[in-house]
Every structure is written in structure tokens, then in C-alpha cells.
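To start, the structure under review is shown below, and the notes come after it.
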Amino acid sequence: MNNLSAAFTPRSKPVESLPAPMRQIRPKTAQAQHTLHHAISAVGIGLHTGRSINITIKPAPAGHGIVFQRTDLSGAAPLPARYDYVLETHLSTVLGDRAHPENRVATVEHLMAALNGCGIDNALILVDGPETPVFDGSATDFVFLLDCAGRMAQSLPRRVVRVVQPVRVEHKDAWVELLPHDGPTLHLSMSIDFSARAIGVQSYALDLTPTSFRNDLASNRTFAMRQEIEALHKAGLALGGSLDNAIVVDNDHVLNPTGLRCPDEFIRHKIMDAVGDLYLAGCVLQASFRGHRSGHTLNNQLLHALFAQTTAWQDMTNLQSTSAAA
Ligand SMILES: [Zn+2]
């Protein structure tokens, strides 16, 4: 391990450190961890600050995980992209240092979704401000950056956690749950029910694969109600928001002149958010995720509930053949 990787090693690794329960497992061939072939940089507007943000995504050693690092704060600790480093979930998923809450990075979910969808396990992400660039409000530009950087196999197997008992959290009529699933990856199904008639009731389901992420999820944009935006602006938030980086809905109208990218863009974006939020498990989840009217808060609470219930999951990492890990 070189100095760089030592400096950015996450301070705790709950997924690795907890023992696997004694259970009959059907061995499967392990997939190798992957990082980027080379570093890639971009600049874009932050949704909430309206500031120009520089982002650099760098390769990182096997076992490093996804880690964010603020470069504009001297001495800022690295922020592992894990559910237990989430400080806020109100408007976006915000990673931060509880002891130094000014050390935070907001709106990580679309980049995390792209990393999950593209199968990147290890990366160091440098940002010079308190949020990632929003780009067009989807994951398209992050996927483009990862494609430009290239993908490189590493010497360790991917960390895989399999859900073996149902885990559910709910708030009023919103809920999310993780269920055991026979497939090799994450299955997601969600529904939403908005009073705004331009959205209404929508549902969608898919198996997460690199192909399904690119074709069915990555290009779907975030969205907001026109009335909400006015309130956010009065509170000094969403200062970078515009029709260039979000769908804006006014009851039965979509205000963007070019309309929607697909009729169910709203639910597809919500599933893309969940793909990003669930990657804060710090590993690949083998599970079926279901959600209704849910968002970042319940997604984060679900991961806390899962890892608190040690009988609900198995760490498969060391139970799979490593013959393919190269
Ligand atoms: Zn989103």
C-alpha cells in the first residue's frame, strides 16, 4: 500500500470486519474489483451553491472503495462514500465529517449511481466545493467521464453482500425494503404517486446491469415542483438550478421547452437515485429493493437497518471462488 492509498483508507470497514454467518452457500465465481484506467477531470455548476465546481475522479488501489476529498479545505479528512458518513438527506444525499460538518459533499447520488452502474469499486474523487457538479441533472455526464477514463481490473474480488432476511423501513405511507433475491445483482422496483398530474402514478422495475443502467436509467433527470423552487431560492438553496439541469413541473405542465426524455422519466430518475444511495453500502448488494414514495432519507435508513441486523445479510466476498479475480 503506497502513501496515497494509506492516507485515504476509510477509517472503518463494517462490511469487511463483520463475520459471515455460518450458512450453506453455493460458491460462485468472484468478479474482480475495478478502478479507472486514468484520472479524469471536469467542471460544472453546483445545484445548490450555483458555484463552479471542479471535480477529478482518480484511480485508487483495490480495497480502497469510493472516497471523496475536499481540496478547498486545508486538512479536510477524506469522506468514504458509505451510508454511515451521510450527514443529511433532505434535498440530496450529503456525505460529511460529523466532527467538522463544514467538510461535506452534497448531491453525491448521481455520481454514485454512475459508479455503481459502471462497476467501479475504487476511486478517489476530488472536489473543490461543497457539492458535486449537477451537469444536466442526470448521470449521463458521469458515465461519459468514467468511459473516458477507462476501466481496469484489480487483484481483489468485489465486495458482495447478500440479503438473506427482509429489512424494511417506512415513514407515513412511504416505505422501502430489501428482500432476498436469487439473481447475481440488485433488482429494483419502485412506485411514486404525485398529486402533480404531469407525474401522477408511475412504477418501474429492472435488474441492475451495466447495460440496463446505461439504457434505462442514466439519462433521466432530477425534477422539482415550481412552487418548491421558489421556496428553495428564498432559503438560498438551488441557486444553480435551472431548466438546463432539472425537470420543472407545474401541476399538469412540464416547463422545460424540450419536454421529457421519456414518459416515465420521473420514476426512472427515482430508481437511479436509489442505485446511487444503495452503493453507499460500500459493496455490491445481492437483493431485491422495493420502494414506494421513497427518497434519500429512507434509502439511507434502510442501509443502517440492514447492517444493524447482522442476521439479515451475508458477506459473500470470501465465500466465492477468486479464480476470476485478476
Ligand atoms: Zn436525483
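Just so we're on the same page, my numbering is the position in the sequence shown counted from 1, plus 1.
Every residue, glycine too, gets a C-beta built ideally from N, C-alpha and C.
Just so we're clear, the structure is a prediction, and the values are computed from it rather than from any experiment.
Residue i CB to nearest heavy atom of ligand 1 below 6 angstroms
i, result
"Asp274", "yes"
"Thr223", "yes"
Integer-rounded CB distance, given that residue j should sit under 8 angstroms from residue i
i, j, result
"Ile56", "Leu127", "7 angstroms"
"Asn252", "Leu279", "The Cβ separation is near 31 angstroms, so there is no contact."
"Glu132", "Ile54", "6 angstroms"
"Arg291", "Glu178", "5 angstroms"
"His224", "His270", "Sequence check: residue 224 is Phe here, not His. Confirmed, about 7 angstroms."
"Arg99", "Leu88", "7 angstroms"
"Ala239", "Leu48", "6 angstroms"
"Leu146", "Ile58", "6 angstroms"
"Ala306", "Gln166", "About 11 angstroms; that fails the 8 angstroms criterion."
"Asp265", "Gln203", "5 angstroms"
Residue i versus the options, residue with shortest Cα-Cα distance
i, options, result
"Ala282", "Thr298, Gly241, Leu303, Ser295", "Leu303"
"Arg222", "Ile54, His65, Thr186, Leu112", "Leu112"
"Arg169", "Val44, His293, Thr141", "His293"
"Ala247", "Arg262, Ala175, Lys235, Asp253", "Arg262"
"Met317", "Leu279, Gly151, Arg160", "Arg160"
"His39", "Pro62, Ala31, Gly51", "Pro62"
"Asn216", "Arg163, Ala140, Gly201", "Ala140"
"Asp137", "Gln32, His35, Leu37, Ile46", "Ile46"
"Ser75", "Ile54, Val164, Pro211, His101", "His101"
"Met273", "Asp142, Cys149, Ser156, Leu189", "Leu189"
"Gly241", "Leu157, Thr36, His254, Thr50", "Thr50"
"Arg52", "Gly130, Asn319, Phe195, Ser156", "Gly130"
"Thr36", "Leu207, Ser196, Leu125, Ala306", "Leu125"
"Asp183", "Gln70, Ala288, Thr72, Ser295", "Ala288"
"Ser42", "Asp98, Cys149, His91, Glu110", "Cys149"
"His91", "Gly296, Pro158, Ile121", "Gly296"
"Val109", "His305, Phe308, Thr311, Ala275", "Ala275"
"Val135", "Asp174, Arg198, Ala107", "Ala107"
"Ala33", "Gly151, Phe145, Asp122, Leu80", "Asp122"
"Ala82", "Ser196, Asn117, Gln155, Leu244", "Asn117"
"Cys284", "Ala77, Leu157, Asp142, Arg105", "Leu157"
"Ala206", "Met191, Thr311, Ala219, Ala114", "Met191"
"Arg152", "Gly260, Val44, Ala232, Pro60", "Pro60"
"Phe143", "Thr212, Ile230, Cys119", "Cys119"
"Ala197", "Phe308, Asp208, Phe69, Phe267", "Phe267"
"Pro185", "Ala175, Leu80, Val162", "Val162"
"Gln1", "Val164, Thr210, Pro211, Ser213", "What is shown of the chain runs 2 to 327, which leaves residue 1 out entirely."
"Pro181", "Gln315, Tyr84, Leu233", "Gln315"
Element boundaries [alpha helix (DSSP H), containing residue i]
i, result
"Arg227", "227-235"
"Thr298", "297-309"
"Thr312", "Looking at the DSSP string, Thr312 is not in any alpha helix (DSSP H), and its letter there is neither H nor E."
"Ile272", "266-279"
"Leu147", "141-150"
Residue i, enclosing beta strand (DSSP E) - first and last residue
i, result
"Glu132", "Premise fails: Glu132 is in no beta strand (DSSP E) and is neither H nor E."
"Ala115", "No beta strand (DSSP E) contains Ala115, which is instead part of the alpha helix (DSSP H) from 110-119."
"Asp98", "95-98"
"Asp85", "No beta strand (DSSP E) contains Asp85, which DSSP labels as neither H nor E."
"Asp251", "248-251"
"Thr57", "53-60"
"Arg71", "67-71"
"Ser42", "41-46"
"Ala288", "285-293"
"Gln34", "33-37"
"Pro102", "101-106"
At what residue ranges does the stretch 164-221 contain a whole run of the beta strand (DSSP E), taking only runs of 3 or more? 168-172, 175-180, 187-194, 202-208
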